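Comments concern the structure below.
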Amino acid sequence: MVNTKSDNVNGYHARCDGTMTLRNAKDGAAITEMKKGLNKVLKKYFVNYDFCLDGDYVDLWIEDRYEEEYIMELLNTLSPYITKGKFACVGQDTSAWRFVFNPEENQWNCEEGSIVYGFGSYTDEALIEEMKRRGYKVTK
1334 MVNTKSDNVN GYHARCDGTM TLRNAKDGAA ITEMKKGLNK VLKKYFVNYD FCLDGDYVDL
1394 WIEDRYEEEY IMELLNTLSP YITKGKFACV GQDTSAWRFV FNPEENQWNC EEGSIVYGFG
1454 SYTDEALIEE MKRRGYKVTK
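Under our numbering, the letters of the sequence shown match residues 1334 to 1473, in that order.
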């Protein structure tokens, strides 16, 4: 997925943030358990981080050394408590990727990204395929 080799002796760095929808924000015991697990993983692996509970949502931010196994442990800690979520990352080399929660399989899937500044770089076929992938009905 991401090339984690770097000239930086502290490893590959990335900034990641996302919002997750809580399964039951009114269940105080479950929220307390989630916060405890989240704090444990964050303190274990990361230095620069923050999270905030806001009604039915939890917002999470990290800017630190990137190790996919640490990110997955963090996201998997949230899995039992959420119904949906996205966690997007941008690496020190400007590569972009995100993790999207699949509630049916109770797992996070990684999607690699790229920045496209205009549709001019797409061929007609590629643009149509992309629009269909996003759920649009396309007619020519």
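Note that beta-carbon positions come from the ideal geometry of N, C-alpha and C, so glycine has one too. Because the structure is a prediction, the values reported are computed rather than measured.
- Where Asp1350 is concerned, the enclosing beta strand (DSSP E) starts and stops at 1346-1355.
- For Ala1362, the enclosing alpha helix (DSSP H) begins and ends at 1361-1378.
- Residue pairing for Asp1387: DSSP places it in a beta bridge opposite Tyr1390.
- Distance between Asp1350 and Tyr1469, taken at the CA atoms: about 27 Å.
- Per DSSP, Glu1445 lies in no alpha helix (DSSP H); the unbroken beta strand (DSSP E) holding it starts and ends at 1440-1446.
- DSSP places Arg1466 within a helical segment (H, G or I) once states are collapsed to three.
- The criterion of a C-beta distance shorter than 8 Å is satisfied by Leu1411 and Met1367.
- Cβ contact annotation for Asp1383 (same chain, cutoff 7 Å, sequence separation greater than five): Trp1394, in chain order.
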